[in-house]
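Chains as they are written, first to last, in this note's numbering: chain C, 1 to 414; chain R, 415 to 735; chain U, 736 to 1026.
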């Protein structure tokens, strides 16, 4: 008995040794990208990268892609547009990677769009906004749930109008993403004949929002749409809490970046209550798919060690999803040919840990998956509370909805 | 007074340099060296241009990013409005940079030392704010541009941009060298060593200062203009990035400001280091290295690299080319 | 569209904002204004102080202002050491010092930034205290209490410093050293020690100012870059050597910003403040209240 088990064990080990050395002997599949690890986008960039790394480890544990190990080649683009052209030229011409992932966010991604189009390379997008609309690259697939550009403002205004809102105030940061959101908000408002009675932009590095909020309050709007960036989002909510926004406001929020990051959310605590804001993934029952729970367990452990966003809801699962889609395409086409992969990605629906993803002709999602959720019952100084369902009630889209809007805003804040 | 021989050696070197770059564009297939090369050449041009005011005259300009951004956005505006070709974009950027330099000089006529530097910061913020509010070039939302087709003999636009930037380096270095060896240079040096004494001995300090501002500004903006086509994208936070001001200052100081070769060396050393560090995994290391290099050089090697290499070098009238 | 009411409110908030600017600049007013040290790393030290306050508040639940007071002695010592290093490397060596001094402090600022990132990560941090998030109803207006706190602290700091510099022995020695170092040396006092002490005080003040910074708004490691312009703007506009001038200049700046914001729109506010600075410098290079 002993000998047989021993022999069996030896054979097993030898077999394992052979397969793993077979895997090790083949050249790895290399996926190249730049990621913001310093600069203004670093908080998001690090979380996104960790999500992708978790995918890489999972896929390698299963034997890799096409029997080959997956390796990530990552450079720091410093959140800047001027770094990426050189980085992606290096990835393609010198490192000769097999596949490309885009940097996090629009600003570093925009300069490389013409490059990948000219060279006919597949590019998996990572949370840019409308970066392909002018370039029209047919091998671009954005993992963000945005969908059509105006879906943000539309969904928010839908909710506001249903609650009786007729006028709108718009406050946006003088920054690329916020300005693009503001543009779409103005367009949608015009289409629906909603007067925009307050429309201001504020410069980056604004410290104090009391005066701006006072002016906004004085205009007496029904719906307040804010397009802000992490440092300002916190300042704005503080000012709103101190100065007040007026009893007539039915709905407040919309496009505030930063309210998805653990550090910001735990800082603001109860100041978040009542705010309706966009999000990409929330721990509500309707948002759990195959593999989602396990992903977050792995991610959370590694994030705390790496001093990265411990919740990771906003970006990390979508990084993982990017990997999943590429994995499915490579396995289905049994090759690394970019054209073939692009065709597969375009023509199919993909099952990922963030749900089903299908792409439109411009590389964005066919349907918007952007959530609008309202913060409820949040208490101060507690990051873990956000892991429980019910703190951010999903109001939109319909098929993921878990609750109804509480309006007016001042009432929802209690 | 430079000897004829020195001038011939210099210009021969220039021709060899340009020929080498041109040859590379025809021979090297790989595009990456041209992307990286463009960035390094750009910083050489910027550092040399900065040094005309900051090194020779001793007026530290913290607003390099403003001149750079203005160059980028002049190119953007002309391209968007008229589809202007690259040469026109650069020329126009130089003119705008010149005017901005003039404005800066006039505004800061009576300011010395750090007051001048603070004024440049103020100017930079005002200009950045103005461009952010300029809807035509996209404002804060940024703007994506489509390059025109590349002209032969270049087969790729980036290779052409690299060559153009090499030309700009030559123009900047040539101008700096001319100034350094002429009466202007000596006047600037006198101004830098002791402005009051210089005035007393009849050096036209105000006029020289204006001249340095104008020339430096024009060159910086000209070096910034091709960036619009290089990135095919512009947004205020990238174009007016403080990194340009700090890097250029660091490059000139690390290289040494007494001679035009100083900023060239500093830009090459720091530029290559930064490119190398950008393509390694460690991220914050880049900023840390810049900080440490600054501190080390400023404390240990105050005359910069040229001070280390040629310990007894002094800038004198009739110094080396 | 604006009303007198809104405008009045803007002025009030502007004064409070100005006091906040004064608090974060007053240390620079001593180190740069009196001692001529081009202390570009002043905002970086400020951010370090904020993180120190964050740490004490987060770990031990200490009130931020109290935490600020607690780190003041530590910062005083840091200031003493820093000045010694600066003096040995620059002031002794001569004329080129200005440019190199600036570069040196830039280098220091970057190193500090990276060290903060390595220790705390890149995310923004803020503190909690009983007075954050509440407002005081004053007639029609609601004034955030943390602004009032900033106002009180800034006023207190400025008055304290001004009194110290004009009434106490060491204070006046500092003043003297700024005016005429030679004369002081001839009178037997050691100017270097006095300057060192002054720099220590300037850095110590940053402890409390850092607490204010994180009370008013969240901080993140690269925040110092945003404040270099502002703090130097305040100090230069005030005129070197005038502590009370710093308070006045800061208030003028704060009011200008908030009024422009209310009347013309927020995006022009920074342009206006810096245009004012340029204007002041062009017309009166020694600043509004300078010597």
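Yeah, the Cβ is synthetic: ideal placement off N, Cα and C, and Gly gets one too.
*Look at residue 294 (chain C) and residue 325 (chain C) and say whether their C-beta atoms are less than 9 Å apart.*
no
_Going by beta-carbon coordinates alone, are residue 748 (chain U) and residue 211 (chain C) separated by less than 9 Å?_
yes
*Exposed or buried, which one is residue 743 (chain U) when buried takes at least 16 other CB atoms within 10 Å?*
exposed
*If you measure beta-carbon to beta-carbon, which residues of the region 460 to 486 of chain R are closer than 8 Å to chain U?*
468, 472, 474
*Could you tell me which residues DSSP puts in a beta bridge with residue 394 (chain C)?*
C:373
*asked:* Give me, in chain order, the residues of the same chain whose beta-carbon lies closer than 8 Å to that of residue 581 (chain R); leave out the 5 immediate sequence neighbours on both sides.
replied: 432
*In angstroms, rounded to a whole number, what distance separates the CA positions of residue 626 (chain R) and residue 528 (chain R)?*
17 Å
*Note down, in chain order, all residues in the region 999 to 1017 of chain U with a beta-carbon under 7 Å from any beta-carbon belonging to chain C.*
1000, 1001, 1002, 1004, 1005
*Any C-beta of chain U sitting closer than 9 Å to the C-beta of residue 21 (chain C)?*
Because residue 21 (chain C) carries a pLDDT of 49, less than 50, the predicted location of this residue cannot be relied on, and the following value inherits that uncertainty. It does not: the Cβ of residue 21 (chain C) has no partner Cβ on chain U nearer than 9 Å.
*Which residues of chain R have a Cβ atom closer than 9 Å to the Cβ of residue 848 (chain U), listed in chain order?*
698, 701, 702, 705
*What's the call for residue 962 (chain U), buried or exposed, on a 16-neighbour Cβ count within 10 Å?*
buried
*asked:* Check this for me: beta carbons of residue 637 (chain R) and residue 560 (chain R), under 9 Å apart or not?
replied: no
*Taking only beta-carbon positions, decide if residue 824 (chain U) is within less than 9 Å of chain R.*
yes
*DSSP three-state call for residue 22 (chain C): helix, strand or coil?*
With a pLDDT of 48 at residue 22 (chain C), under the threshold of 50, the modelled position of this residue cannot be trusted, and the question is left open.
*In three-state terms, what does DSSP make of residue 69 (chain C)?*
coil
_Residues that residue 702 (chain U) bridges to, as DSSP identifies them_ = Residue 702 (chain U) lies beyond the range of chain U shown here (736 to 1026); nothing can be said about it.
*Tell me residue 732 (chain U)'s beta-bridge partners as DSSP assigns them.*
With chain U represented from 736 up to 1026, any question about residue 732 (chain U) goes unanswered, as that position is not in the structure.
*With burial defined as no fewer than 16 other Cβ atoms inside 10 Å of the residue's Cβ, what is the status of residue 444 (chain R): buried or exposed?*
exposed
*asked:* Within 9 Å of any Cβ in chain C, is that where the Cβ of residue 901 (chain U) sits?
replied: no
*What residues are listed by DSSP as bridge partners for residue 168 (chain C)?*
C:196, C:223
_Beta-ladder partner(s) of residue 350 (chain C), from DSSP_ = C:357
*chain U partners of residue 200 (chain C), CB-CB under 8 Å?*
1000, 1001, 1002
*List the residues of chain U whose Cβ lies closer than 9 Å to the Cβ of residue 403 (chain R), in chain order.*
Residue 403 (chain R) cannot be examined here, being either before or after the span of chain R that is shown, 415 to 735.
*DSSP three-state call for residue 254 (chain C): helix, strand or coil?*
strand
*Does the beta carbon of residue 738 (chain U) come closer than 9 Å to any beta carbon on chain C?*
yes
*Taking contact to mean at least 3 C-beta pairs separated by less than 8 Å, is the region 938 to 957 of chain U in contact with the region 808 to 816 of chain U?*
yes
*Would you tell me roughly how many angstroms separate the C-alpha atoms of residue 22 (chain C) and residue 42 (chain C), rounded to the nearest one?*
With a pLDDT of 48 at residue 22 (chain C), under the threshold of 50, the modelled position of that residue is not reliable, and the figure given next carries that caveat. For residue 22 (chain C) and residue 42 (chain C), the distance between alpha carbons rounds to 37 Å.
*Would you kindly work out how many angstroms separate the C-alpha atoms of residue 74 (chain C) and residue 301 (chain C), rounded to a whole number?*
22 Å
*Return the chain-ordered list of same chain residues with a C-beta closer than 8 Å to the C-beta of residue 399 (chain C), the five sequence neighbours on each side being excluded.*
286
_Counting only Cβ pairs nearer than 8 Å, list the residues of chain U close to residue 547 (chain R)._
1002, 1003
*Member of U:901, U:893, U:866 whose CA lies at the smallest distance from the CA of residue 884 (chain U)*: U:866
*Between U:752, U:745, U:758, which lies nearest to residue 896 (chain U) when the distance is taken from Cα to Cα?*
U:758
*Are there 16 or more other CB atoms within 10 angstroms of the CB of residue 794 (chain U), so buried, or fewer, so exposed?*
exposed
*What do you reckon, is the C-beta of residue 531 (chain R) under 8 Å from a heavy atom of the ligand ADP?*
The ligand ADP is absent from the structure shown, which contains no ligands of any kind.
*Beta carbon of residue 135 (chain C), beta carbon of residue 603 (chain R): below 9 Å?*
no
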